[in-house]
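Asks: To convert, note that position 72 of the sequence shown is 72 in full-length UniProt numbering; the numbers rise steadily by one, no gaps.
Glycine is no exception: its CB is placed at the ideal position from the N, C-alpha and C atoms.
Have a look at this one.
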Amino acid sequence: MNGRRLWGDFTVVVRSYLRNPVAMFFSLIFPIILIALFGAILGGNGTAATPLAVLNLDHNSPASQQFLAALNNTSLVQITMVNYSAADFGSALGNNGYSAGLIVPDGFAASYANHSAVNVVLFTNPQDAAGAGVAYQAVESVTTYFNLHAACAACAPIVGITSENVGRRIYTEIDYLIPGLIGFTILTSPMFSMVDVASSYRKDGIFRELSLTPLTKSEWLTSRILWYVILTFLSAGIM
1 MNGRRLWGDF TVVVRSYLRN PVAMFFSLIF PIILIALFGA ILGGNGTAAT PLAVLNLDHN
61 SPASQQFLAA LNNTSLVQIT MVNYSAADFG SALGNNGYSA GLIVPDGFAA SYANHSAVNV
121 VLFTNPQDAA GAGVAYQAVE SVTTYFNLHA ACAACAPIVG ITSENVGRRI YTEIDYLIPG
181 LIGFTILTSP MFSMVDVASS YRKDGIFREL SLTPLTKSEW LTSRILWYVI LTFLSAGIM
């Protein structure tokens, strides 16, 4: 295998590919369009409320019930009461597909009535920034309302928020979409391109002309393999 012949054929492949707008579109631009399209469909929550798993340790006291009712009335979250263990609440959320959860601690009503500081514990998934932001906004708005309702001249805010992370990552459709499209591009681009190149070269008699040159079959194949490897990394990097 001659390096000069290999490099010469490689430059020919690159130039011919870059001069083909259709090939460039389907190799570099079309996968990005697919990601943007399906990402908009699968990645966003739209106007749907964020599911929020709630563990009420205050034995359904009136104050905790009012807090949860006000939280549900925000229309930002959809509350589901659960009976998970408080010690493993974060892991239980992840295992059951929740990206946000809330613990109302024991003694919430008594602390609120006595103007003593008490924190609700909000669990969110760092990988779901949109859902975490919506859940935090909803809980913060309700805690602000409760603090204003119980405000006095000498008292500090009573209800606060302690933030924790969900125990394991929650995978959604968009998490599988991007690696799937990258794999699809890697597999199909060289395959379809080589089929098109081989058929057009045979039809136009280019293979017969190449047989009269010093370029060997292995050098011809190697130059194209090198180009498609580079193109694959370029496509994956862009996506």
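(1) Using only alpha-carbon positions, find the residue among Ala110, Val139, Ala109 that is nearest to Phe123.
(2) With distances taken Cα to Cα, identify the nearest neighbour of Ile103 among Ile29, Gly133, Asn60, Tyr145.
(3) Just how far apart, CA to CA, sit Leu212 and Ile29?
(4) Measuring CB to CB, does Asn125 end up less than 7 Å from Val166?
(5) On a Cα-Cα basis, can you pick out the residue from Ile238, Thr222, Phe233, Ser235 that is closest to Leu13?
(6) Out of curiosity, what's the CA-to-CA distance linking Thr232 and Val22?
(7) Would the beta-carbon of Leu76 fall within 7 Å of that of Val134?
(8) Short check: CB of Ile158 to CB of His115, under 7 Å?
(9) Give me the Cβ distance between Thr74 and Val142, rounded to the nearest whole Å; I'm assuming they're in contact under 8 Å.
(10) CA-CA distance, Phe67 and Ile33?
(11) Around the C-beta of Ser16, are 16 or more other C-beta atoms found within 10 angstroms, so that it is buried, or is it exposed?
(12) Round the Cβ separation of Leu57 and Asp106 to the nearest angstrom and send it over; I've been treating them as touching at under 8 Å.
(13) Closest to Ile35 by C-alpha separation, out of Asn95, Lys217, Gly183, would be which residue?
(14) Pick from Leu52, Arg202, Ala198, Gly90: whose alpha carbon is nearest that of Arg224?
Replies: Answer, in terms of the structure:
(1) Residue mapping note: residue 123 aligns to position 123 of the sequence shown, counting from 1. For the residues Ala110, Val139, Ala109, the minimum Cα distance to Phe123 belongs to Val139.
(2) Numbered from its first residue, the sequence shown carries residue 103 at position 103. The option with the nearest alpha carbon to Ile103 is Asn60.
(3) For the purposes of this step, residue 212 is identified with residue 212 of the sequence shown, where counting begins at 1. For the purposes of this step, residue 29 is identified with residue 29 of the sequence shown, where counting begins at 1. So the alpha carbons of these two residues sit roughly 37 Å apart.
(4) Counted from its first residue, the sequence shown places residue 125 at position 125. Counted from its first residue, the sequence shown places residue 166 at position 166. Cβ distance < 7 Å, so Asn125 and Val166 count as in contact.
(5) Against the sequence shown, residue 13 aligns to sequence position 13. The sequence given here has Val at residue 13, not Leu. Looking at the Cα atoms, Thr222 is the closest of the given residues.
(6) Along the sequence shown, read from residue 1 onward, the residue named residue 232 stands at position 232. Along the sequence shown, read from residue 1 onward, the residue named residue 22 stands at position 22. Straight-line Cα distance between these residues: approximately 16 Å.
(7) Residue numbering aside, residue 76 sits at position 76 when the sequence shown is read from its first letter. Residue numbering aside, residue 134 sits at position 134 when the sequence shown is read from its first letter. Against a cut-off of 7 Å, the Cβ pair of Val134 and Leu76 comes out as a contact.
(8) What you label residue 158 is simply residue 158 of the sequence shown in a count that begins at 1. What you label residue 115 is simply residue 115 of the sequence shown in a count that begins at 1. For Ile158 and His115, yes; Cβs fall inside 7 Å.
(9) As a working note, residue 74 is residue 74 in the sequence shown. As a working note, residue 142 is residue 142 in the sequence shown. Right, their Cβ atoms sit about 7 Å apart.
(10) Mapped onto the sequence shown, residue 67 falls at position 67. Mapped onto the sequence shown, residue 33 falls at position 33. C-alpha separation (whole angstroms): 44 Å.
(11) The residue labelled residue 16 in the question sits at position 16 within the sequence shown. It counts as exposed.
(12) As a position in the sequence shown, residue 57 is number 57, starting the count at 1. As a position in the sequence shown, residue 106 is number 106, starting the count at 1. Indeed they touch by this definition, with Cβ atoms about 4 Å apart.
(13) Taking the first residue of the sequence shown as 1, we reach residue 35 at position 35. If we check each option's Cα against that of Ile35, Gly183 comes out closest.
(14) Indexing the sequence shown from 1 puts residue 224 at position 224. The shortest C-alpha separation from Arg224 is found at Ala198.
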